[in-house]
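K.L.:
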Amino acid sequence: SGALSTPHAVKLKTYPELVVGFAQIGAESEWRTANTRSIQTTADQLGIELDLSDAQQQQANQINAIRSFIAQGVDVIGVSPVVETGWDEVFAEVKQAGIPLILLDRSANVPAELYSVRIGSDFVEEGRRACGELARLLDGQGSIVVLEGTQGSAPMLGRGAGFQECLQTYPGLHVLASQSGDFIRARGKEEMAALLQTHGNSIDGVFAQNDDMALGAIEAIEEYGLRPGIDIKIVSIDAVRAAFEAMIAGKLNATIECNPLLGPLFFATALNLANDLPVEKWIKPDEGVYRQDTAAQELPNRLY
Ligand code: AHR
Numbered sequence: 097s098g099a100l101s102t103p104h105a106v107k108l109k110t111y112p113e114l115v116v117g118f119a120q121i122g123a124e125s126e127w128r129t130a131n132t133r134s135i136q137t138t139a140d141q142l143g144i145e146l147d148l149s150d151a152q153q154q155q156a157n158q159i160n161a162i163r164s165f166i167a168q169g170v171d172v173i174g175v176s177p178v179v180e181t182g183w184d185e186v187f188a189e190v191k192q193a194g195i196p197l198i199l200l201d202r203s204a205n206v207p208a209e210l211y212s213v214r215i216g217s218d219f220v221e222e223g224r225r226a227c228g229e230l231a232r233l234l235d236g237q238g239s240i241v242v243l244e245g246t247q248g249s250a251p252m253l254g255r256g257a258g259f260q261e262c263l264q265t266y267p268g269l270h271v272l273a274s275q276s277g278d279f280i281r282a283r284g285k286e287e288m289a290a291l292l293q294t295h296g297n298s299i300d301g302v303f304a305q306n307d308d309m310a311l312g313a314i315e316a317i318e319e320y321g322l323r324p325g326i327d328i329k330i331v332s333i334d335a336v337r338a339a340f341e342a343m344i345a346g347k348l349n350a351t352i353e354c355n356p357l358l359g360p361l362f363f364a365t366a367l368n369l370a371n372d373l374p375v376e377k378w379i380k381p382d383e384g385v386y387r388q389d390t391a392a393q394e395l396p397n398r399l400y
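97 is the number of the first residue of the sequence shown in our numbering; add one for each residue after it.
#1: With DSSP run on the structure shown, which of helix, strand or coil describes E64?
#2: Should A316 and L348 be called a contact, given that it needs their Cβ atoms to be closer than 8 Å?
#3: Given the structure, does N205 come close to the ligand AHR, in the sense that its CB is under 7 Å from one of the ligand's heavy atoms?
#4: Which same chain residues end up closer than 7 Å to N131 when comparing Cβ atoms and leaving out the 5 residues on each side of it in sequence?
#5: Please indicate yes or no: does the CB of R224 lie closer than 7 Å to some heavy atom of the ligand AHR?
#6: Is the segment 262 to 274 touching the segment 206 to 214, taking contact as three or more C-beta pairs under 8 Å?
#7: Can you tell me whether DSSP reads K109 as helix, strand or coil?
#8: E229 to A257, Cα distance in whole Å?
#9: Taking only the alpha-carbon atoms, compute the straight-line gap between V213 and W183 and give it to the nearest angstrom.
#10: Could you check whether I215 and I195 sit closer than 8 Å to each other, using their CB atoms as the reference points?
#11: Please state whether DSSP places D389 in a helix, a strand or coil.
#12: Please specify which runs of the beta strand (DSSP E), each continuous and at least 3 residues long, are wholly inside the segment 130 to 172, giving them in chain order.
#13: May I ask which residues mark the beginning and end of the beta strand (DSSP E) holding Q275?
#14: How about S125: is its Cβ closer than 7 Å to a heavy atom in the ligand FMN?
#15: Identify which residue in E185, A342, L399, R281 has its Cα closest to the Cα of I162.
#16: Just the C-alpha distance for E145 and P381, rounded to the nearest angstrom, thanks.
This is the structure:
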C-alpha cells in the first residue's frame, strides 16, 4: 500500500556548523587564562566559529557582548558572569531571541528559566574543603585571615559561605579579618602586607580564595620576615601549576582544585542545545584536593 508516509530524518547540526559567542570576564588569574585557552583551542580543534569577547572585568562589557551576539544571531551564547546580580534583563533578551544560554564557570543569581545550563564548580563545597584543610593544618586552633576574590562574584560568595559554614564545627578557629584581593596576585600581596602590618604575629593561617592571591601572600609573608607554609599555614583554591611549585617549595600547604578546562564540555553542551537535545541543568566537573606530600608526584600530570 502506498499510504505510508516517508519519515523524514532530522538533520542534526555538527560542530563545524556551530556559531558560538562567549563573553569572558578578563584575564585576572592563571585560572582564567587556562580557561580562555581551553575554550579557544577546543573551538579551533572542532572547527567551531567562536566569537570570544574579553570584558576586562566589566559587567557592562559582558552585557554589550551578549547583545552583539544576539544581533549576530549566533546559535549558542556562553557567559561567565563577573558578578552574580544584574543579569535578568539581558538574559531575558537572550531567551526572547530563542538562543540557548550557557553559564560557564560562574553562576548568576537569576530565575532558572533565564538560562539553559550551568557548567562549573561547586564553589560552596570548595570553601568547605579549604576550611577542612586549614582546620587539619592548625589542629583546629588559630586565627585566620581571608583573601577574598572579586566582590559579589559567585566564587567569592560561595567559597566564603562554605568556609563559614564549616568553621561552625571548629570553635577554636576564628577569622581575624577578610580583605578583597580581586583574584589578582599583586592585590593578594598588597592586602596580605596590610594584614601583617595590623595583625602581625597573631596570624596563624590564610585562606586565599584563589592560588594567585596565595602566591602574592607568600611574597608578602616572606618580606615581613615570616615563613609561609610554616609560621603561617596557607590554603587556596584552583590547583594551577604555580601552586604545585609553591607546595613543593613548602610555602603553600594545600590547594583545592577548581577545573578551568571546560572547553570540551562547553561545546558538547552547546551542540546538544543547538540540536534541542536534553542537557542537565548543572554540570559539575570532578575535582580533588592537593597537599604538599603529593605535589611533586602530581605536578607532571597537571594540565594547567
Ligand atoms: O570563577 C573562578 C575563579 O575565577 C577562579 O577561582 C579564579 O582564579 C578566577 O579568577
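From the three backbone atoms N, C-alpha and C, an ideal C-beta is built for every residue, glycine too. Since the model is a prediction, treat every value here as computed from it, not as a measurement.
P.N.:
The relevant details are as follows:
#1: For the chain, the structure presents residues 97 to 400; residue 64 sits outside this window and is missing.
#2: Locating residue 316 in the sequence shown gives position 220, where the first residue counts as 1. Locating residue 348 in the sequence shown gives position 252, where the first residue counts as 1. No, the Cβ-Cβ distance between A316 and L348 is not below 8 Å.
#3: On the sequence shown, residue 205 is found 109 positions in, with the first residue counted as 1. Result no, Cβ not under 7 Å from the ligand AHR.
#4: One-based indexing of the sequence shown puts residue 131 at position 35. Correct list, in chain order: D201, P356, L358.
#5: As a position in the sequence shown, residue 224 is number 128, starting the count at 1. Because no heavy atom of the ligand AHR lies under 7 Å away, the Cβ of R224 does not count as near it: no.
#6: no
#7: Along the sequence shown, read from residue 1 onward, the residue named residue 109 stands at position 13. Looking at K109 - three-state DSSP - the assignment turns out to be coil, as it is neither helix nor strand.
#8: In the sequence shown, the residue the question calls residue 229 occupies position 133. In the sequence shown, the residue the question calls residue 257 occupies position 161. For E229 and A257, the distance between alpha carbons rounds to 16 Å.
#9: Here the question's residue 213 lines up with position 117 in the sequence shown. Here the question's residue 183 lines up with position 87 in the sequence shown. Roughly 15 Å separates the two Cα atoms.
#10: Locating residue 195 in the sequence shown gives position 99, where the first residue counts as 1. Locating residue 215 in the sequence shown gives position 119, where the first residue counts as 1. Taking 8 Å as the Cβ cut-off, I195 and I215 do not qualify as a contacting pair.
#11: Translated into positions along the sequence shown, residue 389 becomes position 293. In the structure shown, D389 sits in a helix (DSSP, three-state: H, G or I).
#12: 145 to 150
#13: Translated into the one-based positions of the sequence shown, residue 275 becomes position 179. Where Q275 is concerned, the enclosing beta strand (DSSP E) stretches over 269 to 276.
#14: With respect to small molecules bound, the structure shown includes the ligand AHR and not the ligand FMN.
#15: Here residue 162 is taken as the residue at index 66 of the sequence shown, counted from 1. Residue E185 is the option with its Cα nearest to I162.
#16: Numbered from its first residue, the sequence shown carries residue 145 at position 49. Numbered from its first residue, the sequence shown carries residue 381 at position 285. Cα to Cα, the separation comes out at about 25 Å.
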